[in-house]
Amino acid sequence: MKSKKIVTSQKRQPNLAPIVLAIDTSCDETSAAVTCGLEIWSNIVASQVELHRPYGGVFPTVAKQAHLENIQPVIDQALKRARVKWENIDQIMVTVGPGLAPALEVGIKTAKSLAKLYQIPLIPANHIGGHIWSSLALRPKRTSQSLDIISRKKLASQRSTKVLSTIKWPVLALVVSGGHTQFILVEKTSPLSSQYQSSNFVHQTLIKPADSPNTASKFIQKQQTEVSRQNLTTDHTITDSIPHQISAINCQQCHQPIISSQGLITRQSTQNQQDPDLKKHQSKKISDLSFERQPNLSVESSEHKNLNRLTLKYTILGQSVDDAAGEALDKIGRLLNLGYPAGPVVEELAKTGNPQSYSWPLPMTQSLDYNLSFSGLKTYARNFLEENWSDQPLKKNELADFCASLQMAVFRHICYKASKLLQSNISLTQPTNQTQPIHEVWLGGGVAANLTLRKMVRSTIKQILIRRQIQNGKKSKTRSVVDASTIVFRLPYAKKLCGDNAGMVGIGTIPTKNLKN
521 MKSKKIVTSQ KRQPNLAPIV LAIDTSCDET SAAVTCGLEI WSNIVASQVE
571 LHRPYGGVFP TVAKQAHLEN IQPVIDQALK RARVKWENID QIMVTVGPGL
621 APALEVGIKT AKSLAKLYQI PLIPANHIGG HIWSSLALRP KRTSQSLDII
671 SRKKLASQRS TKVLSTIKWP VLALVVSGGH TQFILVEKTS PLSSQYQSSN
721 FVHQTLIKPA DSPNTASKFI QKQQTEVSRQ NLTTDHTITD SIPHQISAIN
771 CQQCHQPIIS SQGLITRQST QNQQDPDLKK HQSKKISDLS FERQPNLSVE
821 SSEHKNLNRL TLKYTILGQS VDDAAGEALD KIGRLLNLGY PAGPVVEELA
871 KTGNPQSYSW PLPMTQSLDY NLSFSGLKTY ARNFLEENWS DQPLKKNELA
921 DFCASLQMAV FRHICYKASK LLQSNISLTQ PTNQTQPIHE VWLGGGVAAN
971 LTLRKMVRST IKQILIRRQI QNGKKSKTRS VVDASTIVFR LPYAKKLCGD
1021 NAGMVGIGTI PTKNLKN
């Protein structure tokens, strides 16, 4: 990296959202963004699709090399478009997983170097958390560009707080992408104060250069971050990836938060000793883990001690046990010789097709849980194509009908399980033993850009609301009935936010710290 004049970040305002430089290199997009609260001031993405098209998928070595070439120009462009300077950046966030290990390495190393160079706190981010919070992203107001940096932060903080205060908890997050299909329950475990509360709860876990070593040491011991082997390989079906355990640590020499890819490291453990809890978590499946942000993990400073933290807990209620939804669409699309990536081509062809032309099975109808499975649909498609169209090319109308019915089958499976979830009162952990219906549904992930999926999820929610109204009408007037007359459906404001991008990472993440059963 070229030598640059080091300009440290300006003094942070206590009740304003931090200005964040977010970096994401989880797969085949090199992305950098500047965010403030829920506002995305810039979001630059350099795609590698054309480089990987000849391979029919993401080639790890090619992806890493492209990231190395693109990362610095993308960051420079993000800062320029956001009209901010390095001294305005309060935090740097970088995706540490899930994703492709060689690709993640580029973003992590770059973020570490920049954090050390400019003396800026570095925060690890979870890619899936970005997909969840992408539904709450805000466009900055056009008039804000003419304001000074403090006024822009104040405006972003006010707008973000307003959005956060309108959320009706609990929330069901649907993450539908090429690597993940998950139902995640998001619960609020503490009240939201009138002052600004960052949607990115990892933002609150800063180790500042001015923090005392003892305070930092205690904080570090609680800040375990794990990216499991399964998480790293799920996104891109890479079977030979190494797991990275990422944790924020305080560098003894420079007193700066940096990231270690060797496991949990404290100031006392300089012999690369790994925390035994990391090995314990290595053997656990993601379905056994819930994501929790504890209120006592904040390192209070003179600037932030008066803020009441908004703490959330994330619990995976169900997920695909094999292929993800986007992966199934891509693989079946390859059987149809639709190229790479096949998912968007399937969607385009389906627009002129009849979704009722071909019948598909509905998987896991006898299962009592909320997990999904798409491998059976892939097998069904392969057998159908071999039996019916192996000797003759498909006609254009037949291909359109097949793609339309394929989409319907994949999304019907998701909506079937989502319907079961929305019909049930979810047991909350805060307060203990209380059950409550879902009040909001957030849809995120690459497949969330598909208009058919959006329509089907919206239709499912309407059907659930009708059932709730009927059920509540039958209950006695003397009994207390939880208000479940509405379910808010939130979507990203632009399709660009559905795919891999740093903008979503900057506004919100699932903390990968403190994974518990």
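Note that the sequence shown covers residues 521 to 1037 in our numbering. Backbone N, C-alpha and C define an ideal beta-carbon position, used for all residues, glycine too.
Residues bridged to residue i [DSSP beta-bridge criterion]
i      : result
Ala968 : In the DSSP output, where bridge partners are listed per residue, Ala968 has none listed.
Thr615 : Ala645
Glu707 : Lys833
Ser562 : Val554
Gly838 : Phe703
Leu658 : Glu559
Leu541 : Val554 and Ile612
Whole-Å CB distance - residue i paired with residue j, under 8 Å assumed
i      : j       : result
Phe922 : Tyr878  : 6 Å
Gln568 : Ala586  : 5 Å
Val616 : Gly965  : Actually they do not touch by this definition, with Cβ atoms about 19 Å apart.
Ile543 : Cys556  : Their Cβ separation, rounded to whole angstroms, is 16 Å, which puts Ile543 and Cys556 out of contact at 8 Å.
Ser654 : Pro1012 : 5 Å
Gln611 : Ile652  : Not a contact, Cβ separation roughly 19 Å.
Leu882 : Ala901  : Not really, about 14 Å apart at Cβ, beyond 8 Å.
Residue i versus residue j: straight-line alpha-carbon distance, rounded
i       : j       : result
Val961  : Val691  : 6 Å
Arg573  : Asp668  : 44 Å
Asn903  : Ile852  : 11 Å
Arg1065 : Val706  : Missing from the structure shown is residue 1065; the chain here goes from 521 to 1037 and no further.
Asn945  : Leu694  : 17 Å
Gln989  : Tyr936  : 20 Å
Thr581  : Thr630  : 17 Å
Lys898  : Val614  : 34 Å
Lys916  : Thr872  : 10 Å
Val819  : Ile609  : Because the pLDDT of Val819 is 24, which lies under 50, any placement of that residue in the model is unreliable, and the question is left without a value.
Gly896  : Ser685  : 42 Å
Met884  : Gly698  : 20 Å
Thr835  : Phe703  : 9 Å
Gln876  : Glu906  : 21 Å
Lys605  : Leu541  : 11 Å
Pro593  : Val626  : 14 Å
Gln943  : Asn535  : 39 Å
Lys584  : Gly1026 : 22 Å
Asn874  : Met976  : 15 Å
Ala924  : Ala870  : 4 Å
Ser887  : Gly993  : 30 Å
Cys1018 : Arg987  : 30 Å
Trp880  : Gln983  : 22 Å
Spatially closest choice to residue i from the options, by CA coordinates
i       : options                             : result
Val841  : Pro864, His587, Cys935 and His700   : His700
Lys833  : Ser654, Lys708, Leu985 and Asn874   : Lys708
Gly1028 : Ala645, Ile640, Ile628 and Ile612   : Ala645
Ala938  : Asp889, Leu642, Asp911 and Ala924   : Asp889
Glu505  : Gly576, Leu634, Ile595 and Lys915   : Since the first residue shown for the chain is 521 and the last is 1037, residue 505 is missing from the structure and cannot be characterised.
Trp689  : Leu1017, Gly557, Leu919 and Thr955  : Thr955
Ile687  : Val1008, Leu905, Tyr638 and Gly1019 : Val1008
Leu856  : Ser654, Leu637 and Glu918           : Glu918
Gln839  : Gly993, Phe894 and Arg854           : Phe894
Gly1023 : Pro881, Leu869 and Ile648           : Ile648
Thr980  : Ile628, Phe931 and Glu625           : Phe931
Pro660  : Glu559, Asn590 and Glu607           : Glu559
Ala844  : Leu905, Val865, Pro875 and Ala968   : Ala968
Val565  : Asn590, Asp850, Tyr638 and Leu656   : Asn590
Lys1016 : Gly993, Asn970 and Gln611           : Asn970
Ile628  : Val866, Ser551 and Ser654           : Ser551
His959  : Leu973, Leu941 and Arg974           : Leu941
Lys682  : Ile640, Leu858, Gly650 and Leu658   : Leu658
Thr972  : Ser680, Ile934, Pro881 and Gln611   : Ile934
Glu607  : Tyr638, Gln912 and Arg679           : Tyr638
Residue i classed as buried or exposed, judged by whether at least 16 other C-beta atoms fall within 10 angstroms
i       : result
Ser546  : buried
Glu549  : buried
Pro618  : buried
Leu634  : buried
Ser910  : exposed
Arg672  : buried
Gly863  : buried
Leu675  : buried
Thr1006 : exposed
Ser714  : Confidence is the limiting factor: at Ser714 the pLDDT is only 43, short of 50, which leaves the residue's position unreliable, though a coordinate-based value still follows. Label assigned to Ser714: exposed.
Leu656  : buried
Lys632  : buried
Asn1021 : buried
Ser677  : buried
Ser666  : exposed
Glu868  : exposed
Ile670  : exposed
Test: residue i CB closer than 9 Å to a CB of chain B
i      : result
Leu985 : The structure shown contains no chain B; it holds only a single protein chain.
heavy atom of the ligand HEM below 8 Å from residue i C-beta
i      : result
Asp850 : Ligands displayed in this structure: none; no statement on the ligand HEM is therefore possible.
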